[in-house]
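Novice: Dropping a structure here in structure tokens format, bear with me for questions.
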Amino acid sequence: MAQKKWPETWQEVTPGCMIFEGGNSREYHTGSWRAQRPVWDNAKCIKCGICYIFCPEACVKEDARGYFAADLDYCKGCGICAHECWPGAITMIEEG
Amino acid sequence: MSKRIGMEIALAAAEAVALCRPDVIAAYPITPNTHIPEHLSDIVAEGRLDAEFICVESEHSAMSACAGASGTGARAFTATSSQGLLYMDEVLGIVSSMRLPVVMAIGNRAISGPINIWNDHSDIMTMRDLGWLSLFAANGQEAVDMMIQSFKIAEDAAVQLPINVNLDGFQLTHMVEALFLPDQKEVDRFLPRRKPYAALHPDHPVTMGALGMPDIFTEATKARDQALVDSRKVILKVWKEWEKQFGRRYEPIEAYKTKGADVVMMTMGSMGETAEIAVDELRKDGVPVGLLKLKLWRPFPFEEMKKAVRGVKTLIVTDRCCSLGGPGGPLAAEVRSALYAEAARPVIENALIGLGGRDVTVDDFKQMFRQAGKSKGIYEFYGVRG
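Going down the list, the sequences are from chains A and B. Under the numbering used here, the first residue of the first sequence is numbered 11, with each subsequent residue one higher. Under the numbering used here, the first residue of the second sequence is numbered 9, with each subsequent residue one higher.
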């Protein structure tokens with residue numbers, strides 16, 4: 011996954027590493043940290059949204075049909091969604 | 009006009025801070041610095057200073073309050089000693105890494121134990137590597153002057169770093185000294201209002217203290233180090249301005265009668281005043297000795313150090329604390345590093361003295377001068393029994 015290395019050199023570091031734009035954590039893709047990925051079985055999903063609520067990265071999104079999936083640019087593979095999914099619709103599988 | 013007054017140094021330092029018009033003062037009392045914030049709270053209560061005085065529940069909160077206040081663009085001040093400084097520790101590096109120009113007075117006191125409330129330098133040395141600028145006052149006048157200089161140095165656009173001013177506990181904080189206290193007009197002329205690089209405000213979002221992962225931490229650390237190295241130029245500039253306006257000269261290392269001296273003593277803080285008398289008396293007897301008084305501890309003045317010891321045969325570095333299990337005293341370790349690459353350098357001896365408030369007299373300095381060249385090992389506990 012291509013990550014934007016910002017800033018590149020020590021001279022480009024702002025004093026105090028201050029960040030002057032809101033919401034730029036979007037530019038930092040944490041998906042590369044992942045060892046496992048969550049996979050949803052929509053046959054078991056009851057669309058309760060527990061995975062969406064518990065995702066600490068706020069990267070679980072709801073699609074037009076009301077099912078859920080993780081944005082793999084940001085999902086760190088922590089497995090909390092799979093742990094919290096009481097109907098057992100989410101499985102963590104090894105990244106290959 | 010400056011007024012010549014007789015005043016306890018801690019109170020005079022507080023008066024000097026008040027003249028700098030701080031916006032926020034947050035402090036928790038601990039001996040021997042207590043009189044500084046205590047007197048500032050009086051000044052605020054009397055209505056002489058329009059500042060927020062926050063009575064916090066700990067030093068950790070004191071430094072955190074200063075960090076928050078400084079982040080909004082306010083001029084923030086605190087003071088502490090010893091265990092109080094240790095309690096601030098985890099916030100100290102945050103303040104410097106966020107480039108917040110907080111000013112702190114430290115009434116230097118030994119780190120326990122055994123439990124001890126008296127002076128040495130073991131407290132400041134625990135924060136040696138945390139990115140603060142650090143000045144050492146040798147007397148009350150320097151303490152007053154450095155308080156005012158500190159705000160200007162710390163808040164300079166090219167610096168934006170926190171700074172601590174070290175006053176030896178009791179030997180300075182509780183001593184009554186005759187000194188010149190500038191008036192408000194003079195300080196206003198010297199010290200402009202702070203112009204923050206950035207300030208926390210709901211209308212202009214800014215993130216301070218964000219996460220720095222392995223891919224940026226090295227660059228961030230290099231940038232911090234460079235900021236300290238570069239602050240030297242500003243410190244020298246501010247000291248020149250001070251000299252021009254107030255007539256008192258400040259240098260990173262002040263040399264006293266070092267011309268033609270074979271043996272030179274080095275001190276930080278109030279011991280320099282006593283050592284001067286020893287130098288005077290020995291010089292009167294025809295013994296060529298001299299003294300170097302370090303005023304700027306961080307950034308360490310490497311260039312001035314090299315120049316200061318040219319032609320010196322033996323340099324006795326005094327340290328008012330011990331790096332336990334290490335190379336002796338922190339000052340001597342720094343001096344040795346500074347001179348290591350020099351082709352001609354003096355023999356460096358290291359005397360650990362004045363620990364936990366033990367008196368260091370003129371006779372002690374004369375004795376150390378006489379013993380020069382006889383030190384066994386790289387450091388010695390001067391006067392230790394047994």
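Every residue gets a Cβ at the ideal spot worked out from N, C-alpha and C, and that includes glycine. Given the structure is predicted, the values throughout are model-derived calculations rather than measurements.
Is there a C-beta anywhere in chain A that falls below 8 Å from the one on K230 (chain B)?
Specialist: Translated into the one-based positions of the second sequence, residue 230 (chain B) becomes position 222. Yes - at least one Cβ of chain A is within 8 Å of the one on K230 (chain B).
Novice: Here's the rule: buried if 16 or more other CB atoms are within 10 angstroms of the residue's CB, otherwise exposed. What is R158 (chain B)?
Specialist: Translated into positions along the second sequence, residue 158 (chain B) becomes position 150. A small fix is needed here, since residue 158 (chain B) is Ser in this sequence, not Arg. With 16 or more other Cβ atoms within 10 Å, it is buried.
Novice: Is there contact between the stretch 155 to 174 of chain B and the stretch 182 to 189 of chain B, where contact requires at least three CB pairs shorter than 8 Å?
Specialist: no
Novice: Check the Cβ-Cβ distances between I100 (chain A) and every residue of chain B, and say whether any is below 8 Å.
Specialist: Taking the first sequence and counting its residues from 1, the one referred to as residue 100 (chain A) is at position 90. So no, I100 (chain A) is outside the interface.
Novice: Residues bridged to F144 (chain B) by DSSP?
Specialist: Position 136 of the second sequence, counted from the start, is the residue given in the question as residue 144 (chain B). F144 (chain B) is bridged to B:N174.
Novice: Sorry if obvious, but does the Cβ on D327 (chain B) come closer than 7 Å to a heavy atom of the ligand MG?
Specialist: With respect to small molecules bound, the structure shown includes none, and the ligand MG cannot be examined in it.
Novice: DSSP on M274 (chain B), reduced to helix/strand/coil?
Specialist: Along the second sequence, read from residue 1 onward, the residue named residue 274 (chain B) stands at position 266. Collapsing the DSSP output to three states places M274 (chain B) in a strand.
Novice: By the three-class DSSP mapping on this structure, what secondary structure does V368 (chain B) have?
Specialist: For the purposes of this step, residue 368 (chain B) is taken as the residue at position 360 of the second sequence. Of the three classes helix, strand and coil, the one that applies to V368 (chain B) here is coil, per DSSP.
Novice: Quick one: give me the first and last residue of the alpha helix (DSSP H) that L304 (chain B) is part of.
Specialist: Taking the second sequence and counting its residues from 1, the one referred to as residue 304 (chain B) is at position 296. No alpha helix (DSSP H) contains L304 (chain B), which is instead part of the beta strand (DSSP E) from L304 to R306.
Novice: Cα-Cα, which of B:D238, B:W250, B:S69 and B:K160 is closest to G139 (chain B)?
Specialist: For the purposes of this step, residue 139 (chain B) is identified with residue 131 of the second sequence, where counting begins at 1. Of B:D238, B:W250, B:S69 and B:K160, the residue nearest in Cα terms is B:D238.
Novice: Under 8 Å between beta-carbons, which chain B residues line up against P17 (chain A)? List them in chain order, please.
Specialist: Here residue 17 (chain A) refers to the residue found at position 7 when the first sequence is read from its first residue. Simply I224 and E227.
Novice: Taking its Cβ as the centre, do 16 or more other Cβ atoms sit within 10 Å of I63 (chain A), making it buried, or is it exposed?
Specialist: For this step, residue 63 (chain A) is matched to residue 53 along the first sequence. The residue is exposed, with fewer than 16 neighbouring Cβ atoms inside 10 Å.
Novice: Is there contact here, the stretch 32 to 46 of chain B with the stretch 64 to 78 of chain B, by at least three beta-carbon pairs under 8 Å?
Specialist: Yes, since at least three Cβ pairs between the stretch 32 to 46 of chain B and the stretch 64 to 78 of chain B fall closer than 8 Å, the two stretches touch.
Novice: Any residues in the stretch 104 to 115 of chain B with a beta carbon nearer than 7 Å to a beta carbon of chain A? Which ones, in chain order?
Specialist: S105, M106 and R107
Novice: From the DSSP output, which residues share a beta bridge with D327 (chain B)?
Specialist: Position 319 of the second sequence holds residue 327 (chain B). The beta-bridge partner set that DSSP reports for D327 (chain B) consists of B:L360.
Novice: Less than 8 Å between the CB atoms is what I'm expecting for Q253 (chain B) and F198 (chain B), so what's the real figure, rounded?
Specialist: Counted from its first residue, the second sequence places residue 253 (chain B) at position 245. Counted from its first residue, the second sequence places residue 198 (chain B) at position 190. With 8 Å as the limit, Q253 (chain B) and F198 (chain B) qualify as a contact, their Cβ atoms being about 6 Å apart.
Novice: The beta strand (DSSP E) with T88 (chain B) in it runs from where to where?
Specialist: Counting from one through the second sequence, the residue named residue 88 (chain B) turns up at place 80. T88 (chain B) -> beta strand (DSSP E) spans A84 to T88.
Novice: If we define contact as Cβ-Cβ less than 8 Å, is C27 (chain A) a contact residue for chain B?
Specialist: By 1-based counting over the first sequence, the position of residue 27 (chain A) is 17. Answer yes: the Cβ-Cβ gap between C27 (chain A) and chain B drops below 8 Å somewhere.
Novice: If you follow the beta strand (DSSP E) that L189 (chain B) is in, where does it begin and where does it stop?
Specialist: Taking the second sequence and counting its residues from 1, the one referred to as residue 189 (chain B) is at position 181. It spans V184 to L189 - the beta strand (DSSP E) in which L189 (chain B) sits, taken as one unbroken run.
Novice: Along the alpha helix (DSSP H) that carries F64 (chain A), what are the first and last residues, could you check?
Specialist: Counted from its first residue, the first sequence places residue 64 (chain A) at position 54. Where F64 (chain A) is concerned, the enclosing alpha helix (DSSP H) stretches over I60 to F64.
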